[in-house]
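This is the structure we're talking about:
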């Protein structure tokens, strides 16, 4: 299922013939990214644009403003002398959380911002869009490289926020007793996934990580050698049907399955199943961006925390993969799948016609047992004031592969996503691994 | 400043000639109340309709739905057999908080209800309006009394919510760094209030309380005798200028001025001035429904808790009045003033031309030192399932007189408003009293 | 059951022949009070002296130190020039909570004070005892009145803390899974209380309140006339057996029985019965200072909040008495009963041989429906820096009569005790009243 | 500074001649461990035995009981048929936290347990000691291996708790305004540490981890190869003087130095210096188990969280070491140093006479940048119901080397200690590393 709209987009690594080509390529990618964001909020009413249901999340309107703020403050302002913001207070309202510190935008305030209206925020986006293209047109050859690097990061940043926006909308809609749908549901998919099977790997040295300079992605560098023991990796993610067996086996009541912190999360949160699973009238139902649906045993389990992924694996007698194991297998597969551009808003049951592994990219992010720490030899980039991933290198676990709401460009064999282990709002699932591939 | 729009409205006590007259009078008052609510939300955008900034408050949209829900469930449903609600789930969303217990509308959910949209809620209002008028037209003479009593309570309920709606909008707008205005400001008022002066009262037995049946107002019954010692009552409320002297004298840092609970509130809340006072660039400014303005020393101080009113009185060497003292003085004055119908959205400086007392009605609610307890001889009405005021007869202090956002019909000499002593979002101020009028 | 040990003690109002008599009387009362406190902690180990299980409570050791601190700072220091405290830091550790503000004794610290040891605190008491008696001996006739007034307040203060100490120990022992007993249980009491009966009162003007000067008790002044409607008062408190019927009738699940704040307390606190009731192996048991015992239906119900008292009364079709009603009846009875000096540590079933009312003093404090507000004509005493009751005149309800852990001197017809309505650790129960004594 | 008392103790790996030898060796180690714990609480009063100042910590009395409980339930009960506990309720009171789940020992209850008294708990220890030795004497050759393995774990467990006990006492004493000392201070140490210098390492493959079976220490297995890049490691830990420069340079106010979670901890906790640093009268003082002392710039900085260690390293232009780097250097040094047995209760300035590295063992635990995850090829031991370290393999960072309160046997080149990154009560400090050892 190729992502036709995004597929042709040149990536950051694409060599460019010259300045004009670079300008044009950037303009195209900038335009596509900005348009995609606008498409994602098209189904939302002005009122929907305000909802925020978690402290970590943000209203859609804020995502729109914040991604624009990065272009304004990190691309336009350094290069367009005399630039005057459309509304100076927006620099405060839409700043990154840390940048607001000390300027008193109290927690919970974002959900109160009925003003500026959604319409004003869209005008703000248009204003900044015009300025970026104006700058890209005018900047001389000397400055182009820096502008390009800054735009790359801001584009990447906006793509990340596209995913977060959908995750936030989903959670907020789920809190509404009306359980509204973000989009009308597609026709049912009756695919039956393949039975559990394994990809064997002989182990040995493998090269992992991203090669060369990578604005905003230094946490995926340097490319280096990891030495693996023989292992095997499940050919497809764990399904809802398989996970249901864990639930029904009392998995959420067995402390022996859980890490200490995981068990505390289960008790404190009253967890009894993945997020969005609801027991209604004698059956499990799952809330999706299409509204509430019956649980489909064939689709990948989703919206589990790392704690749940880890507990499931222990219950199943397996383990989660190391990120190096995952990448060793994934690097041989093309990075296509059920990603954001396909228009699906939910993981699909695996179509397992050809040889596996299947669904390495798209559908669900896959938790690994790797903590998010620097790669060997990693060097922190010079401090540019940008929010870099190095700031998050504690308390987080690595996820791999991308989900159905991950933009195409974000998903790559080397992509290291990272979340706190208790997070459940992301479209994250489980792929099992094991030490003992053959007798 | 008569409230011209509401002034002619017949009150609950008005004798009615016959059934038709009663039907017509009720229809008129119903219509006016419902229209007034619609007028109050006219300046709000659909996004404004969603904002909620305190746990006790509610979004404007919910006030619209909830007042309608009371007509639907307490007037229509008992009398219109076979009535089918427009949307059954609204009965859940818009129910009184206690009625929702056990049906899991989690705290904070109201602010998330982007659906139903403001437009749908207005349709719901129209639907119920039609049904109420239909019922009023059809109910036979036998049932009319009960329908009338139920409508009286629901009308009273909606009027109370009109005031709360404006208080909630004000607080939510204040939380927005843009400090938006609900309405454009009126031209400045340069009235200078009279200097402090006193109304002497000889004490002795006075009759207070409401006489006769009073649907929804049983807490103001029965009319009874209170025996007062001689006292005096300030001729006008405390002004911002007077209160500022307390602030500047370190009133918020002197524990001796405060009750124990009040002092705890000061420290826990970091209070340094009334709610909505902001120190900016070397001067006090006050947030109003007209936006942020300079502090006007002439206008009554507003948005103080009971704790602050009590501490101010102690600092001033005075005390707060008993509610019986207040009523003894107020019962000789007509219940008109700067109330909701005047269109002012803020207390005005006193126009003290004639003999005092001035501003007994309107401008600001006035805290008394009376706890909200039953009057002697009070009898609890038979339990009808209605939210009656008796449920609040603990932990609350009585306020008297009405504010600039209190509907005309609500303000009467006998009206007992009641709030927890820490509440500051109401338009509540201070009128001093003293024991020793003159030797 | 006369309180033989305390009964002969002269009260503050006793006329004294002259200075020597006053000195002697004060010395005696001082000595008795201090010795009584020491007796109350005799059953406690040094470790028991440290336990604190509620934020409002304090460890026994702190009660010992704090009552001593008041003598040191408010009696000795103002009159004994050059006095040097035994340990200056104790002035900080044992100060009243508000006096510690800003000097950072973090919440929860009291329970951590293994040092000073219980032994050192007892030495501190001895040191201060000696100094007080030394001062009382030396102060000249001129200063004696002030020293006497200060001692009266400090003695009263210590007596109040005797009661609180036992309440705090009881709660902390209850939190221990071993459910230790403070004292060995007495032989069982098989008294059967009289059936419910009523004391009729014709109403009319009654004199209530304390006459004349009253150090530390100004909140019980001035004596004044209250006009009562006819009423009747239950002849004895509500028993555990009667209250059990309320529990078994689902009283804690019926919102209609409760005030709004009470219902919130029930839900937030998960209340299902009075404090210290435990359902074990198919029967209710009650934790007492004698350990865990079977529920005795004959004894007065105890450790209920005002919310529960009020809800019970509503369920029973009655109401709580006004404090003036209570005093009108009680003022004809001698203030003796099951008070602290009897040595009982739990309410006893009523011995209802003679004519009622019974148990007006002792056994359990009785909640009234009167909020704790100033009496008409009350004048705040000049600020002496003492913790006066006026500081608590908001959010609290009045209790009358004294409990089995109330020192004899504290219980009087005019005594106004006051607690927040959610408090349950006090030995507080219920006496019903009604409006309609006879048809 | 050899730990003379413990040094001769055979470790778990020591080959034993036969059953008798094993019995005797175990008995000796059991006895020494139990006696050491008793020595550690000798300076504490019965009241000190009750103090608990953090939710994660526990009162000394509980540590005494809990370590005994493990011997009772995991060594005695499985092997001594018909064994009757001295007091069945102790099995509940002293159980591991998770084992108490569902049996309602509310949070905070431990600090309330005045009963059982310290004396009773010591009796409980004696009782269990006798039973363990009895069992060790009687168990037949067949069962000895299992008993031995169980005893090893329980001994290890108690040694870990010895360290925690001192950390908990220190924190609780620090909360006391009297700042009591656990022991009298030793004479001052005027050592001047060497200037900063580095141990160069060429990188390449190194063997790390523990070889062979290791009851309770499976998280240190298997021994495996890690491939290191060239690096250098500081020859000694960071001193207080060096850390003070970071503090004075505004390190706690510079968000760029911190990870996102670290910065949140700084702001939420109001951190301005390491735990136990107090600014008094113009100078930094440090609270120690000897009481409050002047900051000694020569001693290793201690009681820093991982966040602070990481931020300091970034500020200094360095980084924290990987645990493999640490072990590669440390494995060539004998595991002796300022550990628990030396009797020092605080880190000492480095005596850097010989060639470095110095202070690899003892003084302070050293934070690494390694997350606590399983070693490659790690196999979870069969579930024995024991609390194994695998349960903690998320959200924690590895520390190496041991501190001045770490028992001798615990400190080894392979020892992996692990704590949440926000923990500051452990004696944890910083040793820097760097990537670029040579030009």
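Residue numbers (the UniProt record's numbering), protein chains in the order written: chain A, 1 to 439; chain B, 1 to 439; chain C, 1 to 439; chain D, 1 to 439. Think of the CB as a built atom: it goes at the ideal place given N, C-alpha and C, for glycine as much as any other residue.
Would the beta-carbon of residue i fall within 7 Å of that of residue j?
i, j, result
"residue 41 of chain D", "residue 59 of chain D", "no"
"residue 298 of chain B", "residue 349 of chain B", "yes"
"residue 364 of chain D", "residue 300 of chain D", "yes"
"residue 357 of chain B", "residue 235 of chain B", "yes"
"residue 179 of chain A", "residue 292 of chain A", "yes"
"residue 155 of chain A", "residue 23 of chain A", "no"
"residue 448 of chain D", "residue 237 of chain D", "Since the first residue shown for chain D is 1 and the last is 439, residue 448 of chain D is missing from the structure and cannot be characterised."
"residue 47 of chain D", "residue 50 of chain C", "yes"
"residue 424 of chain B", "residue 346 of chain B", "no"
"residue 109 of chain B", "residue 167 of chain A", "no"
"residue 70 of chain C", "residue 127 of chain C", "no"
"residue 32 of chain B", "residue 68 of chain B", "no"
"residue 421 of chain D", "residue 306 of chain D", "yes"
Residue i touches chain C at which residues, Cβ-Cβ below 7 Å?
i, result
"residue 113 of chain D", "176"
"residue 69 of chain B", "What residue 69 of chain B touches in chain C: nothing, since even the nearest Cβ is about 18 Å away."
Which residues in chain A sit within 8 Å of residue i, going by Cβ to Cβ distance?
i, result
"residue 218 of chain D", "What residue 218 of chain D touches in chain A: nothing, since even the nearest Cβ is about 14 Å away."
"residue 184 of chain B", "Simply none; closest approach about 15 Å."
"residue 377 of chain D", "229, 435"
"residue 118 of chain B", "47"
Which residues in chain A have a C-beta closer than 7 Å to the C-beta of residue i? List them in chain order.
i, result
"residue 445 of chain D", "Given a span of 1 to 439 for chain D in the structure shown, any question on residue 445 of chain D remains unanswerable."
"residue 51 of chain B", "112, 114"
So with CB distances below 7 Å, who are the chain D contacts of residue i?
i, result
"residue 92 of chain C", "177"
"residue 287 of chain A", "Here the premise fails: no neighbours, minimum Cβ distance about 27 Å."
"residue 371 of chain A", "371, 373"
Since residue i meets chain C, which of its residues come closer than 9 Å, beta carbon to beta carbon?
i, result
"residue 306 of chain B", "394"
Inset, instruction - Please go through the stretch 124 to 207 of chain C and give each complete beta strand (DSSP E) segment of 3 or more residues, from N-terminal end onward. - result: The qualifying runs are 198 to 201.
Legend entry - 4-residue-minimum alpha helix (DSSP H) runs that sit fully inside the UniProt domain "Sulfatase-modifying factor enzyme-like" (196 to 332) of chain A, ordered along the chain: Uninterrupted alpha helix (DSSP H) stretches at least 4 residues long and entirely within the UniProt domain "Sulfatase-modifying factor enzyme-like" (196 to 332) of chain A occur at 240 to 248, 260 to 269, 306 to 315, 323 to 330, given in chain order.
Inset, instruction - Check distances from the C-beta atoms of the stretch 409 to 434 of chain D to those of chain A and list, in chain order, the residues that come in under 7 Å. - result: Contact annotation: in the stretch 409 to 434 of chain D, residues whose CB is within less than 7 Å of a CB in chain A are 421.
Inset, instruction - Return the residues of the stretch 30 to 49 of chain A that lie within a Cβ-Cβ distance of less than 7 Å from chain B, sorted by chain order. - result: Answer in chain order: 45, 46, 47, 48.
Inset, instruction - Pair every Cβ in the stretch 69 to 84 of chain D with every Cβ in the stretch 121 to 136 of chain D, then say whether three or more of these pairs are closer than 8 Å. - result: Verdict: yes, contact present.
Inset, instruction - Output the residue ranges of the alpha helix (DSSP H) runs that lie fully inside the stretch 40 to 85 of chain C and measure 4 residues or longer, sorted by chain position. - result: Runs of the alpha helix (DSSP H) inside the stretch 40 to 85 of chain C: 60 to 70.
Legend entry - Cβ contact (3+ pairs, closer than 8 Å) linking the stretch 161 to 172 of chain B and the stretch 404 to 412 of chain B: Touching, yes.
Inset, instruction - Kindly confirm or deny that the stretch 386 to 397 of chain D and the stretch 257 to 270 of chain A touch, where touching means at least three C-beta pairs closer than 8 Å. - result: Output reads yes: the stretch 257 to 270 of chain A touches the stretch 386 to 397 of chain D.
Legend entry - the stretch 180 to 195 of chain C / the stretch 63 to 74 of chain C touching (three or more Cβ pairs under 8 Å): By the criterion of at least three beta-carbon pairs nearer than 8 Å, the stretch 180 to 195 of chain C is not in contact with the stretch 63 to 74 of chain C.
Inset, instruction - Please determine if the stretch 310 to 328 of chain B and the stretch 364 to 373 of chain B are in contact, where contact requires at least 3 C-beta pairs separated by less than 8 Å. - result: As far as the Cβ criterion goes, the stretch 310 to 328 of chain B touches the stretch 364 to 373 of chain B, which means the pair count is three or higher.
Legend entry - Segment contact, 8 Å Cβ cut-off, at least three pairs: the stretch 215 to 234 of chain A with the stretch 191 to 205 of chain A: Under the 8 Å Cβ criterion, the stretch 215 to 234 of chain A counts as touching the stretch 191 to 205 of chain A, having at least three qualifying pairs.
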